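Colleague:
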Amino acid sequence: MKIKEITTKSIITESKLPDADYVINPYVGCQHACIYCYADFMKRFTGHSSDTWGEFVDVKINSANTIRLTSFNGKTILIGSVTDPYQQTELKYGNTKGILKNLLVSQPNIEILTKSSSILRDIDLLIQFKNLRVGISLNTLDQKLSNMMEPYASSPQSRINVIKQLSEAGIESYLFISPIFPYVTNFKDLLEETIPYTRNFSFENLNIRSNNRAKILEFINQVLPEYFGFYANLNSQSCYWQSLKSEIELYCKNKDLKYRIYFDHSTDKKK
Ligand code: SF4
71 MKIKEITTKS IITESKLPDA DYVINPYVGC QHACIYCYAD FMKRFTGHSS DTWGEFVDVK
131 INSANTIRLT SFNGKTILIG SVTDPYQQTE LKYGNTKGIL KNLLVSQPNI EILTKSSSIL
191 RDIDLLIQFK NLRVGISLNT LDQKLSNMME PYASSPQSRI NVIKQLSEAG IESYLFISPI
251 FPYVTNFKDL LEETIPYTRN FSFENLNIRS NNRAKILEFI NQVLPEYFGF YANLNSQSCY
311 WQSLKSEIEL YCKNKDLKYR IYFDHSTDKK K
């Protein structure tokens, strides 16, 4: 793992994502090295074109100090759009923690996305925000499959436990079932495992792009070779996604769950 300390002029950038006005990424790169990650487009803009995604992290060591006392007027900041803010390096550098501490005074709406149980370290800080939500991403309860897809993220059971502990601390959280791998991800099992701790769920389909295609197809070839052809043409399987969307809607409505479905890019090439 190549770890480099860098400085940044500003850690907050405006966002075009549907649920965030701003994004903060305390690191460049991500040690979780998920095979389906499409954030590796960041390599082009950060001097890492020849590096392998998952094998480098740039630590924006001055990031917390770039936070200005600003009124965010009800705007939402997403922490972790192209990196995991609680990846292993966070335990050494504490960038995310420092940023959160410096945002406390201005109290923006905060949304954190992570696959790491390290977020539990910061519960005492998180509870001091008036509007804060944590999304825990998970797409299988199967440890072996998770190891293959997300080799350095926390285990599925640890992530469920994060939602439990956040819930017990009174912190709003939701399970982000993402990315949904057809015939691998069992959304009902994931919901049932988590419903005791949250009633909020988001769903995102798998998006195959040129940069993650080879790894995903290699994975499918190992675990579900009979679906190799289906996956090879996944971005044109709109009937599958439409049918799954209807199934999710029905299931969530019957259980009176809050849910959001982000299937919009089932046929396009964006994150
Ligand atoms: S945790 Fe997110 S940013 Fe990190 S490798 Fe996995 S998908 Fe990419």
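Using the working numbering, the letters of the sequence shown map in sequence onto residues 71 to 341. We put the beta carbon where it would ideally sit given N, CA and C, even for glycine. Just so you know, these numbers come straight off a predicted model, no measurement behind them.
With a CB to CB cut of under 6 Å and the five nearest residues on each side skipped, what residues in its chain are close to F199?
Modeller: Within the sequence shown, the letter at position 129 stands for residue 199. These residues qualify, in order along the chain: I180.
Colleague: Use the C-beta contact count for D110: other C-beta atoms within 10 angstroms, 16 or more gives buried, fewer gives exposed.
Modeller: Along the sequence shown, read from residue 1 onward, the residue named residue 110 stands at position 40. So D110 counts as buried.
Colleague: Output the distance between the C-alpha atoms of L276 and F333, rounded to the nearest integer angstrom.
Modeller: Along the sequence shown, read from residue 1 onward, the residue named residue 276 stands at position 206. Along the sequence shown, read from residue 1 onward, the residue named residue 333 stands at position 263. Answer to the nearest angstrom: the Cα atoms are 9 Å apart.
Colleague: Using three-state DSSP, classify I241 as helix, strand or coil.
Modeller: One-based indexing of the sequence shown puts residue 241 at position 171. Reduced to three states, the DSSP call for I241 is coil.
Colleague: With hydrogens ignored, establish whether the beta-carbon of T159 is closer than 7 Å to any heavy atom of the ligand SF4.
Modeller: For this step, residue 159 is matched to residue 89 along the sequence shown. Result no, Cβ not under 7 Å from the ligand SF4.
Colleague: State the beta-bridge partners of K74 as determined by DSSP.
Modeller: Here residue 74 corresponds to residue number 4 of the sequence shown, with the count starting at 1. Paired residue(s): D128.
Colleague: Under the DSSP definition of a beta bridge, which residues are partnered with L348?
Modeller: The structure shown does not extend to residue 348, since the chain spans only 71 to 341, so no value can be given for it.
Colleague: How should L211 be labelled, buried or exposed, when 16 other C-beta atoms within 10 angstroms of its C-beta is the threshold for buried?
Modeller: Residue 211 sits at position 141 when you count from the first residue of the sequence shown. Classification for L211: buried.
Colleague: If I measure Cβ to Cβ from S225 and keep anything under 7 Å in the same chain, skipping five residues before and after, which residues do I get?
Modeller: In the sequence shown, the residue the question calls residue 225 occupies position 155. Only Q213 and S216 meet the Cβ criterion.
Colleague: Ends of the alpha helix (DSSP H) at L260?
Modeller: In the sequence shown, counting from the first residue as 1, residue 260 sits at position 190. Here the alpha helix (DSSP H) through L260 covers F257 to T264.
Colleague: Can you tell me the Cα-Cα spacing of D192 and G299, whole angstroms?
Modeller: Reading the sequence shown from its first residue, position 122 is the one you call residue 192. Reading the sequence shown from its first residue, position 229 is the one you call residue 299. Going by the C-alpha atoms only, they are around 44 Å apart.
Colleague: Say the cut is 7 Å; is the CB of A223 nearer than that to a heavy atom of the ligand SF4?
Modeller: Here residue 223 corresponds to residue number 153 of the sequence shown, with the count starting at 1. Yes - the ligand SF4 has a heavy atom lying nearer than 7 Å to the Cβ of A223.
Colleague: Thinking C-beta only, is S248 closer than 8 Å to N209?
Modeller: The sequence position of residue 209 within the sequence shown is 139, counting from 1. The sequence position of residue 248 within the sequence shown is 178, counting from 1. Going by C-beta atoms, N209 is nearer than 8 Å to S248.
Colleague: Would you say the beta carbon of K185 comes nearer than 7 Å to a heavy atom of the ligand SF4?
Modeller: The sequence position of residue 185 within the sequence shown is 115, counting from 1. Checking the Cβ of K185 against the ligand SF4 gives yes.
Colleague: For H118, is the beta carbon positioned less than 7 Å from some heavy atom of the ligand SF4?
Modeller: For the purposes of this step, residue 118 is taken as residue 48 along the sequence shown, with counting starting at 1. Incorrect: H118 has no Cβ contact closer than 7 Å to the ligand SF4.
Colleague: Just how far apart, CA to CA, sit T264 and L245?
Modeller: Counting from one through the sequence shown, the residue named residue 264 turns up at place 194. Counting from one through the sequence shown, the residue named residue 245 turns up at place 175. Rounded to whole angstroms, T264 to L245 spans 8 Å at the Cα level.
Colleague: Who are the near neighbours of N256 in its chain, counting only those whose CB is closer than 8 Å to its CB and skipping five residues on each side?
Modeller: Residue 256 sits at position 186 when you count from the first residue of the sequence shown. T210 and L211.
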